[in-house]
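Undergrad: Line order of the protein sequences matches chains A and B. Heads up: the first sequence is residues 1029 to 1326, going by this note's numbering. Heads up: the second sequence is residues 59 to 162, going by this note's numbering.
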Amino acid sequence: MSSPTLTSIHELTIDIGGIPIIVRTDSAEFARMLEDRYGGFATADAQYAVVELEVELIAPGNVSDAEDVSVRLESGRWVMERGDFRAEWDQQCNRGWVRQSANPYAIDGVLRILHSLILARAGGFLVHAASAVRNGRAFVFAGVSGTGKTTLARLAPPDVILLTDEISYLRPGGQGIGNREQGIGNSPSLQPPAPSPQPLAPAFEAFGTPFAGELARIGQKARAPLATLFLLKQGPENRIEPLSEAEAARELLRHVLFFACDEELVGMIFQTVCDFVRRVPVRRLVFTPDARVWELIA
Amino acid sequence: MSPLYIARSREIAARLLDSEMMIMSARDSTLFNLNELGTMIWQAADGATSLEEIVAQKICVEYDVEPAEALEDAETFVRELAEHGILLLSDQPIGAGENSGSKQ
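1) Helix, strand or coil: which one does DSSP assign to Glu1095(A)?
2) If you follow the beta strand (DSSP E) that Leu1191(A) is in, where does it begin and where does it stop?
3) Tell me which residues share the same chain as Arg1052(A) and place their Cβ nearer than 6 Å to its Cβ, disregarding the 5 neighbours each side in the sequence.
4) According to DSSP, Tyr121(B) sits in a beta bridge with which residue or residues?
5) Would you kindly report the start and end of the unbroken beta strand (DSSP E) that includes Ala65(B)?
6) Could you check what DSSP says for Lys1249(A) in three-state terms: helix, strand or coil?
7) Quick one: what's got a C-beta closer than 7 Å to Glu1116(A)'s C-beta in the same chain, skipping five residues either side?
8) Determine which residues of the region 73 to 101 of chain B have a Cβ less than 8 Å from any Cβ of chain A, and write them out in chain order.
9) Quick one: using the 10 Å Cβ neighbour count with 16 as the cut-off for buried, is Leu1228(A) buried or exposed?
10) Going by C-alpha distance, which of Thr1041(A), Gly1046(A), Ile1042(A) is nearest Tyr1197(A)?
11) List the residues of chain D whose Cβ lies closer than 7 Å to the Cβ of Phe1298(A), in chain order.
12) So which residues of chain B does Leu1281(A) contact, with C-beta pairs closer than 7 Å?
13) State yes or no: is the beta carbon of Ala1274(A) nearer than 7 Å to at least one beta carbon in chain B?
14) Thinking C-alpha only, which one of Pro1032(A), Tyr1076(A), Gln1262(A) is nearest Ile1050(A)?
15) For chain B, check one thing: does any of its Cβ atoms lie closer than 7 Å to the Cβ of Ala1170(A)?
16) Spatial neighbours of Met98(B) within its chain, please: CB distance less than 6 Å, with the 5 preceding and 5 following residues excluded, ordered by chain position.
17) Exposed or buried, Asp1193(A), counting other C-beta atoms within 10 Å across all chains shown (16 or more means buried)?
18) For a test of the three-state rule: what should DSSP assign to Gly105(B), helix, strand or coil?
19) Which chain B residues are close to Arg1278(A), counting only those with a beta carbon under 8 Å from its beta carbon?
20) Please list the segments of the beta strand (DSSP E) lying wholly inside the region 1038 to 1065 of chain A, counting only runs of 3 or more residues, in order along the chain.
21) Shortest alpha-carbon distance to Ser67(B) belongs to which of Ala132(B), Trp100(B), Gln150(B)?
22) Taking 7 Å as the CB-CB limit, is Gly1151(A) close to chain B?
23) Pull up the distance between the alpha-carbon of Leu1113(A) and that of Pro1253(A), whole angstroms please.
24) Out of Phe1058(A), Ser1159(A), Leu1147(A), Leu1183(A), which has the shortest C-alpha to C-alpha gap to Arg1251(A)?
25) Check whether the region 1253 to 1268 of chain A and the region 1285 to 1296 of chain A touch, using three or more Cβ-Cβ pairs below 8 Å as the test.
26) Can you list, in chain order, the residues of its chain with a C-beta nearer than 6 Å to that of Gly1206(A)? Leave out the 5 residues immediately preceding and following it.
27) For Pro202(B), count neighbouring C-beta atoms within 10 Å of its own C-beta (all shown protein chains included) and say buried if the count is 16 or more, exposed if not.
Written out as structure tokens, the structure is:
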């Protein structure tokens, strides 16, 4: 007869973009690691979650043969694989399973993919961009590595709240956040807002993320109406240039993070970006790495 | 020469921004941009109108071009789009069920 054993389950909710995801593990050490990594985005007493993830920790080593990220829909379940993790998400019951070793990078990858999938249906997207809040309005700075996202974040004056220096989180404004009744609840699909005498909702809102880049510092858990998205270009002086909607959409699409091989969702992202450039000012920010660039951003 | 019918693939997403048609292949996320003339042909690609009619009724009305030359250019253009899988070509009219319901 085997001896009786007791396994404790540790539960943590990681709330990014108003979309809480519960992570369950039997490792107290791993749970502490997540708490440290996700800081203000992690909470132990969430009321509900959009997705519940069970994490099974295994010995270090390759979990999957996938060299690059692979995200595909199989029999109604999303299957996500990278060398260091294999995960599944069943949208019907909003439950997921992750197999990985006890490192924070794998779960971070899973969370990025999950959010990109959830956002695609909600009319939002993740974009390779830094973002910040100034005077109550959010500004997004998109560009490939080396165009100055981290530099711009580093040069930010003290009144600026940094949302992220790496991956920005954009959602249509006026949607329910963290509340079942308002539409996110158990289903990532969003409902149209009911008519109300509330002030007009912003076209899009930017949310802080814990997805850090070179600054190695997670963003602040904050949100603000999106004022402008800037496409970065380094140059000899600081200036803002206009862009046509077509130019803006073409370039912005290059910076959107989307991992799934799925025709329907790819089409949705495309339409979202086309809507975005019609509703949100998109400009080219030519800048020289100098704090004075922030004089243009207010 | 038999008539050539063209229809937009259903595996794309398309939007007219400014006067430029942007098309994304949903299969591999490749992005295509069409100029004004290309957009005119794309918008007329309903599967029921032959390319020759499109050229005669749309392009030659808008632009000062020789019909034969315009048709040759248009044919080269639609075959290129077809190679990328975003346009369907046929010597028969293409039914509504086969072409795209893409948003424009």
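A virtual CB, placed ideally from N, CA and C, is assigned to each residue, including glycine. Only a predicted model underlies this, so the values are computations on that prediction, with no experimental measurement involved.
TA: In brief:
1) coil
2) 1189 to 1192
3) Ile1037, Glu1039, Glu1082
4) Looking at the DSSP assignment, Tyr121(B) forms no beta bridge with any residue, so it has no partner.
5) 63 to 66
6) coil
7) Arg1105, Trp1106, Val1107, Gly1124, Trp1125
8) Arg73, Leu75, Asp76, Glu78, Met80, Met82, Ala84, Arg85, Ser87, Leu89, Asn91
9) exposed
10) Gly1046(A)
11) The structure shown contains no chain D; its protein chains are A and B.
12) Leu89
13) yes
14) Tyr1076(A)
15) no
16) Lys116
17) buried
18) strand
19) Met80, Leu89, Asn91
20) 1038 to 1044, 1047 to 1053
21) Trp100(B)
22) no
23) For the record, residue 1113(A) in the displayed sequence is Phe; it is not Leu. Phe1113(A) and Pro1253(A): Cα-Cα distance of roughly 35 Å.
24) Ser1159(A)
25) no
26) Its pLDDT being 41, under 50, Gly1206(A) is placed unreliably in this model, and the value from its coordinates should be taken loosely. So the qualifying residues of the chain are Gly1046.
27) Outside the shown range of chain B, which is 59 to 162, sits residue 202(B), and nothing can be said about it.
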